[in-house]
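In what follows, a single structure is set out as structure tokens and then discussed.
Protein chains: 2
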Amino acid sequence: MADDFFHGYALNAVDAKSRLSIPAEFRDAIMARSGTKDVFIGPAPGIDCLLGYDKSHAAKLQARLDRLDHDEDTAEGAFKSTFLFGSATPLKIDEAGRIVLTAGLRDLGDITSHVWFVAGGNWFQMWNPYRYLEQTGIDARMFRILRREMEAKGLPVTEAAR
Amino acid sequence: MADDFFHGYALNAVDAKSRLSIPAEFRDAIMARSGTKDVFIGPAPGIDCLLGYDKSHAAKLQARLDRLDHDEDTAEGAFKSTFLFGSATPLKIDEAGRIVLTAGLRDLGDITSHVWFVAGGNWFQMWNPYRYLEQTGIDARMFRILRREMEAKGLPVTEAAR
DNA sequence: TTGAGGCCCATGATATCCCATGGTAGATAC
DNA sequence: GTATCTACCATGGGATATCATGGGCCTCAA
Numbered sequence: 166m167a168d169d170f171f172h173g174y175a176l177n178a179v180d181a182k183s184r185l186s187i188p189a190e191f192r193d194a195i196m197a198r199s200g201t202k203d204v205f206i207g208p209a210p211g212i213d214c215l216l217g218y219d220k221s222h223a224a225k226l227q228a229r230l231d232r233l234d235h236d237e238d239t240a241e242g243a244f245k246s247t248f249l250f251g252s253a254t255p256l257k258i259d260e261a262g263r264i265v266l267t268a269g270l271r272d273l274g275d276i277t278s279h280v281w282f283v284a285g286g287n288w289f290q291m292w293n294p295y296r297y298l299e300q301t302g303i304d305a306r307m308f309r310i311l312r313r314e315m316e317a318k319g320l321p322v323t324e325a326a327r
Numbered sequence: 166m167a168d169d170f171f172h173g174y175a176l177n178a179v180d181a182k183s184r185l186s187i188p189a190e191f192r193d194a195i196m197a198r199s200g201t202k203d204v205f206i207g208p209a210p211g212i213d214c215l216l217g218y219d220k221s222h223a224a225k226l227q228a229r230l231d232r233l234d235h236d237e238d239t240a241e242g243a244f245k246s247t248f249l250f251g252s253a254t255p256l257k258i259d260e261a262g263r264i265v266l267t268a269g270l271r272d273l274g275d276i277t278s279h280v281w282f283v284a285g286g287n288w289f290q291m292w293n294p295y296r297y298l299e300q301t302g303i304d305a306r307m308f309r310i311l312r313r314e315m316e317a318k319g320l321p322v323t324e325a326a327r
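Residue numbers (this note's numbering), protein chains in the order written: chain A, 166 to 327; chain B, 166 to 327.
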């Protein structure tokens, strides 16, 4: 902890109001990295999950878009912008450490009752745990860890990938 | 929130008096970016929707047009300028967070009963939702989000692009 | 007088805030 | 080493504020 990177994992529940606890370690990292309690959640290009990051990483994405700004009056450039800004959402972490997922984010990430958080250094992924178990190319140890977490929370593990 | 960009999306209704709520998050962004409650709405060059922006972005458009000034004595350049500025309209957001669309803007954007707002960072688009569904070059995930919004508001979705 | 636009208020739905609770891990004492 | 304490964390529920939207009235112009 306290080294300004996202580390670790967690399996947290989404309640009836779409509220979701951000893992405490991730919250600490967000504060340390950005000085804010804001978290950005958006699509993960080419991967079937959501991507979470703090303001400092968002600024990098935005800078990349500003370089495309001269294209903004082409339809293609505009749609790129609307996808990034339209589907990514800045959310504020409340006093209890939770965010409220929008319906659009739940749809984007195929989020149902639980979210599987996996750290990636400068960002973290948010998965529907069952989608994660369907992925190939993931270290078998991560599968075992997730399956243990799922069992601990009473989530049926439908005998997925070994 | 609170990062001075337009983020997210919304599907809002136009009432019998042509009144339209600007999404609360967009209003906040307009205030944060420009310090005013004015919103500029005009044509989106090359795209079949309206473009909304605040005063600070209007200044950028003006500067970009100034750079094209040497074209002003060609018919093409002059028409482009008059189109961009002649048909763009500054509107004031009222206490309830609404604007009143002019007949010209409704015509320009083919706006009927609902407006689909999509953020693009420094600006946002305003679509007739059915026109949006007809566009190509939009990420399929945005289609899904809009279609869910339309269903939630009881708008018939005429089995458009998957 | 009639119609359009501006202003104010009403309302239902939704999101936001605040406090409560049980569980867990780490610390402390024995 | 084991039992107890304590602090924090994830989660739930109820109260409250905000939002999108509809409707009425007043004014001004034709």
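C-beta atoms are modelled at their ideal positions from N, C-alpha and C, and glycine is treated no differently.
Nothing here was measured: the structure is a model prediction, and the numbers come from that model.
The C-alpha of G242 of chain A lies about 19 angstroms from the C-alpha of G274 of chain B. For the beta strand (DSSP E) assignment, the uninterrupted runs of no fewer than 3 residues enclosed by the region 197-225 of chain B are, from N- to C-terminal side, 203-208 and 215-218. Each residue's CA atom was taken as its position, placing R198 of chain A and D259 of chain A some 18 angstroms apart. Between the region 276-285 of chain A and the region 203-212 of chain A, the count of C-beta pairs closer than 8 angstroms stays below three; the two stretches do not touch. CA-CA distance, G200 of chain A to K220 of chain A, rounds to 9 angstroms. Within the region 264-280 of chain A, the residues whose Cβ lies closer than 8 angstroms to any Cβ of chain B are, in chain order, T267, A268, G269, D272 and L273. Apart from sequence neighbours up to five positions away, the residues of its chain that approach A194 of chain A with a beta-carbon distance below 6 angstroms are F171, ordered along the chain. Within the same chain, Cβ atoms closer than 7 angstroms to the Cβ of L226 of chain A are found at L249, the five residues on either side in sequence being excluded.
Using beta-carbon distances, A261 of chain A does not count as an interface residue toward chain B, since no partner is under 8 angstroms. Shown in chain order are the members of the region 303-325 of chain B whose Cβ falls below 7 angstroms from a Cβ of chain A: I303, D304, R306, M307, R309, I310 and R313.
Looking at the backbone, the Cα of A268 of chain B and that of G217 of chain A are separated by about 42 angstroms.
Collapsing the DSSP output to three states places K182 of chain A in coil. Closest in alpha carbon position to S186 of chain B, among B:M315, B:H279 and B:L311, is B:H279. Against chain B, a Cβ distance below 7 angstroms from Q300 of chain A picks out nothing, because the smallest value is about 18 angstroms. Taking the Cα positions, N177 of chain A is about 30 angstroms away from T247 of chain A.
Looking at the DSSP output, P188 of chain A sits in no beta bridge, so it has no partner there. Residue state for K257 of chain B is assigned as strand, using DSSP reduced to three classes.
Pairing F191 of chain B with L256 of chain A, the inter-Cα distance amounts to about 14 angstroms. Taken in chain order, the members of the region 241-256 of chain A whose beta-carbon sits within less than 8 angstroms of a beta-carbon on chain B are E241, A243, F244, S246, T247, F248, L249, F250, G251, S252, A253, T254, P255 and L256. Within the DSSP secondary-structure output, I264 of chain B pairs in a beta bridge with B:L185. At least 8 angstroms separates the beta-carbon of G302 of chain B from that of F205 of chain A.
Shortest Cα-Cα distance from D203 of chain B to any of B:A223, B:C214 and B:L215 involves B:A223. By the neighbour-count criterion, in which a residue is buried when 16 or more other Cβ atoms sit within 10 angstroms of its Cβ, T323 of chain A is exposed. At a cut-off of 8 angstroms between beta carbons, Q227 of chain A contacts chain B.
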